[in-house]
Amino acid sequence: MNDDGRQYQGKSEIDNLVKRFERMIEDNDQQYFDLEEFEAIISHYLSFGEIGSAKKVLQYASTLFPENLMLQLREAQILASMGKHIQAIPRLKTLLAFEPNNEEIHLCLASIFSQIKEHRMAIKHFRKALNCADKEIHKDIYVDISVEHQNLGEWRKAISVLKDALYSDPNNDAALFEIAFCFDKAGAMTEGIDYYNEYIDSAPYSKAAWYNLGNMHHRVGKIKDAVSAYDFAIAIDNNYIRAYHQKAEALLAGEFFAESLEAFRDILSIEPKSAYILCNMGECYERLNEYEKAESMYKESLDLDPEYTDAFIGLGVLADLQSLPTVAVQYFEHAATLDSYNIDYKLLLATSLIKVGKPQKAEEYFTHIIERDPKNEDAWEGRIDNLQKIEAHEAALEALEQGLSIVKNPTLLLYQQVLSLYKIGREAQAIDLFEQLLMHTFDKSSRIIEAFPELLEDSRIAELYSRLKP
């Protein structure tokens, strides 16, 4: 089936064939094309998703070569492209009876079975294709097999296949990236780090290996090791932009703000400014307490993308840090309007509304957030805090009863419960609960004490706090 025919690899050569065929159709003419030419034209149309055009070529070709197996294969591929998998499968199986070792038939069947989520059958045919295909396409088939195992949640088997792929072809970068994902999903990050280190011992100039090693170190919180790995990737290819990005983001996540700022500057020496990069630089300046520079970066980010919500959030945080809550509310409102589905933006807005004396509006936002995300601890804590600040302790206790039944780690809510119980006169119950909390989670008590220091004016509470302090 065209195993020995000539290959049309040059774009101009294929384009000329396609133009010749289309001109023939326009002129209502008839011309001769050989099988290889038909195959090239059909493949061209299929690659661009032009199923109707591919069908026209097939119909014409079939009048010249009515029993040709290659054309029957293309017909099955067209059926599959149209979503007619049930019709395509038996035709492909019929072709296998004539050519059981044709890798293209097996690959087509594997692709169809994958699309209809018959992953075991997909693996079976990918394996058969692997046995009869030229070695040059083995690397792609190995990755395809691993993806099917991933679809089945078989991360260990996927890892094993990818190791085979890399043993067969150490330069298979696709496998290097896939195996990192699989180690992560399998919860085997330490094993993954060991694997990449061993791989690098034999292929020290693989930038993909160094890059993925960096990602794995980053995932387990080893920021310095991650940065070192990214630096090796950059040393191998000083234009390897994804390594620059990951290095900068790792440093930012590790709170190395000055170093992260330099890394983002390095990115700008390679690629044009973007709202994303400038916004990240703004965050670095903000965390370094250089507020004017931070504001400048956030605003320049918005110059490039007037709807870049993270920049509005950055400006809002800056305003809040500088005790400008009204300005902060304006920025947070703008971000929440642009991205109405973002709960974090609404949470920031609700918290700022408390500071500008709009508790009812804040309550509306907190309630809305909780309706959408009932387990959101920050929303529950913010809502209770809001109610307590307006002395609505009965309402706070009602909300707490609901929140405590939902929130997974309710320690802070329990401290808030202490306050409201105390404020409505249930002092003995409040003090007993406070004692139990201090005995087990003293470190969490600072938030309620800082927010409501008058609690320590009660000698019983002050004595407990002093006695149980570590």
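Per this note's numbering: the sequence shown = residues 36 to 505.
All C-beta atoms in this analysis are idealised placements derived from N, C-alpha and C, irrespective of residue type, glycine included.
{"Item": "Residue range of the unbroken alpha helix (DSSP H) whose run includes Q185", "Value": "173-186"}
{"Item": "Contacts around A123, its chain only, beta-carbon distance under 7 Å, and the 5 residues preceding and following it disregarded", "Value": "A111, L114, A115, I147"}
{"Item": "Inter-stretch contact (C-beta, 8 Å, three-pair minimum) for the stretch 262-270 and the stretch 246-253", "Value": "yes"}
{"Item": "Proximity winner among K328, V178, W245, relative to Y279 (alpha-carbon distances)", "Value": "W245"}
{"Item": "Nearest-angstrom Cα separation, counted from Y400 out to E342", "Value": "22 Å"}
{"Item": "Neighbour flag for N186 against chain D, beta carbons, 8 Å", "Value": "Absent here is chain D; the protein component of the structure consists of one chain."}
{"Item": "Local Cβ density within 10 Å of L165, reported as buried at 16 or more and exposed below that", "Value": "buried"}
{"Item": "Touch test, the stretch 482-498 against the stretch 438-457, Cβ-Cβ under 8 Å, three pairs minimum", "Value": "yes"}
{"Item": "Close-in-space but distant-in-sequence residues of the same chain around A431 (CB under 6 Å, 5 per side omitted)", "Value": "I419, L422, Q423, S455"}
{"Item": "Three CB pairs or more closer than 8 Å across the stretch 378-388 and the stretch 350-362", "Value": "yes"}
{"Item": "Spatial distance of D208 from A243 (CA atoms)", "Value": "6 Å"}
{"Item": "For L339 and K308, believed in contact at Cβ under 8 Å, the rounded distance", "Value": "6 Å"}
{"Item": "D69 (DSSP reduced to helix, strand or coil)", "Value": "coil"}
{"Item": "Per-residue burial, P360 [other beta carbons within 10 Å of its own, 16 or more giving buried]", "Value": "buried"}
{"Item": "Neighbour-count burial assignment, A414, 16 or more Cβ in a 10 Å radius", "Value": "buried"}
{"Item": "Test item: CB-CB of E226 and F216 under 8 Å", "Value": "no"}
{"Item": "With 16 other Cβ atoms within 10 Å as the buried cut-off, status of D345", "Value": "buried"}
{"Item": "Separation of S375 from V453, as counted between CA atoms", "Value": "34 Å"}
{"Item": "Residue span of the alpha helix (DSSP H) that contains V364, given as start and end", "Value": "360-373"}
{"Item": "Host alpha helix (DSSP H) of D62 (start-end)", "Value": "It is not in any alpha helix (DSSP H) - D62 carries neither H nor E in the DSSP assignment."}
{"Item": "Beta-carbon contacts of V255 that lie in its chain and below 8 Å, excluding the five residues immediately before and after", "Value": "M224, T225, I228"}
{"Item": "Nonlocal neighbours in the same chain, by C-beta distance under 8 Å from S237, ignoring five residues either side", "Value": "P205"}
{"Item": "Through-space distance from N63 to S47, alpha-carbon basis", "Value": "24 Å"}
{"Item": "Secondary structure, alpha helix (DSSP H): runs of 4+ residues fully inside the stretch 279-336", "Value": "292-303, 310-322"}
{"Item": "Contacts around V442, its chain only, beta-carbon distance under 8 Å, and the 5 residues preceding and following it disregarded", "Value": "K410, E412, W415, L448"}
{"Item": "CB of I158 within 8 Å of CB of I180, strictly", "Value": "yes"}
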